[in-house]
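Written below as structure tokens is the structure these notes are about.
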Amino acid sequence: MKLSDPLKLPTEVLNVLNLHIAGVALLVILNVTLLVRLGLAWRDLGASRQEQLQQEQLTLTQLQAQTARLNGLPEKVEISRKDADKFYAQRIPANYSSVLADLGALAAKDKIRLTRAGYTQSAAIEGLAELRIDANLAGDYSGVMHFINGLERDKTLYVISNLTLTGQQGGLVNLRLRLTTYLHAADASQLPPSSEPPTDQQAPVTDQSMLSLPALNSAAHQPDTPAMEDGH
Numbered sequence: 001m002k003l004s005d006p007l008k009l010p011t012e013v014l015n016v017l018n019l020h021i022a023g024v025a026l027l028v029i030l031n032v033t034l035l036v037r038l039g040l041a042w043r044d045l046g047a048s049r050q051e052q053l054q055q056e057q058l059t060l061t062q063l064q065a066q067t068a069r070l071n072g073l074p075e076k077v078e079i080s081r082k083d084a085d086k087f088y089a090q091r092i093p094a095n096y097s098s099v100l101a102d103l104g105a106l107a108a109k110d111k112i113r114l115t116r117a118g119y120t121q122s123a124a125i126e127g128l129a130e131l132r133i134d135a136n137l138a139g140d141y142s143g144v145m146h147f148i149n150g151l152e153r154d155k156t157l158y159v160i161s162n163l164t165l166t167g168q169q170g171g172l173v174n175l176r177l178r179l180t181t182y183l184h185a186a187d188a189s190q191l192p193p194s195s196e197p198p199t200d201q202q203a204p205v206t207d208q209s210m211l212s213l214p215a216l217n218s219a220a221h222q223p224d225t226p227a228m229e230d231g232h
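Numbered by full-length UniProt numbering, the letters in the sequence shown go through residues 1 to 232 in order.
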């Protein structure tokens, strides 16, 4: 029995050594696993950061594009203001007499008889007054068409809202015309008071005055013209 004791010692030592080796191996495996997982996590974190950076760069690019539209905004506003001032100066009548002169000149040019014209004034936008004109004219068909075309092409802003052609006798047609123009508010306050009610029952009657036909004659520089005599 004593001879067998020395043979058992190396086996026990070997078993203990194997346990230590197994433990170290297990720790190595665990460390490797942790390192791999750490590497994967770091890679994912880098990819996430890269994606976030790209998203932020895209957002910055979009903001820069939107901001670029505002570049020069004060200059654009100033150009728009000048364009508006130019439009008012060129297309809005300077005063009431300018409307009379313009209509009279157009009628005389196309040999149209302006037998009646009435207006209705109302407020428009700030600084402007709306002047709605209701007129009766007579003349040959081609002259009436030229007159309408002249209104549409005139430098003064005229907006034709309604026109009606009636009858044809001796080559003449009658035109009922409704149009709108605008005056500067200061000039609109100088419109003359009503001198007589409108003869046409379909004409507007609220705050309405009759345009002076002699004034139209004078504006067109054609005094004593038969075109201003009503009825013939």
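Ideal Cβ placement from N, Cα and C applies to all residues, glycine included.
- For Asn-149, the enclosing alpha helix (DSSP H) starts and ends at 141-153.
- Per DSSP, reduced to three states, the secondary structure at Tyr-119 is strand.
- DSSP links Asn-136 through a beta bridge to Arg-116, Arg-176.
- The C-beta separation of Leu-179 from Ile-133 comes to about 5 Å, placing the pair in contact by the 8 Å criterion.
- Here the stretch 84-104 makes no contact with the stretch 60-70; the two share fewer than three CB pairs at distances below 8 Å.
- Between Asp-140 and Gly-118, the gap from beta carbon to beta carbon reaches 9 Å or more.
- With respect to the C-alpha of Gly-143, the residue from Gln-62, Val-173, Thr-120 having the closest C-alpha is Val-173.
- DSSP places Ile-125 in the coil class of the three-state scheme, outside both helix and strand.
- Residue state for Asn-31 is assigned as helix, using DSSP reduced to three classes.
- Boundaries of the alpha helix (DSSP H) harbouring Tyr-88: 73-91, taken from the DSSP string.
- Spanning the alpha carbons of Glu-126 and Lys-109 requires a straight line of approximately 34 Å.
- In the DSSP assignment, Leu-106 falls within the unbroken alpha helix (DSSP H) covering 96-109.
- Non-local C-beta neighbours of Gly-150 in its own chain, meaning closer than 6 Å and more than five positions away in sequence, comprise Leu-106, ordered along the chain.
- A direct Cα-to-Cα measurement between Ala-89 and Ile-112 gives close to 28 Å.
- Remark: C-beta atoms of Leu-175 and Leu-131 do not approach each other more closely than 9 Å.
- Distance from the CA of Asp-154 to the CA of Leu-128, rounded to the nearest whole angstrom, comes to 19 Å.
- Each of Thr-156, Leu-163, Leu-34, Thr-61 was checked against the Cα of His-184, and the nearest Cα belongs to Thr-156.
- Here DSSP, grouped into helix, strand and coil, assigns Gly-167 to strand.
- By the C-beta density criterion, Ile-29 is exposed, having fewer than 16 other C-beta atoms within 10 angstroms.
- The three-state secondary structure of Leu-40, taken from DSSP, is helix.
- DSSP, reduced to helix, strand and coil, places Leu-183 within a strand of the structure shown.
- For His-146, same chain residues with a beta-carbon under 7 Å away, outside a window of 5 residues either side, are Asp-110 in chain order.
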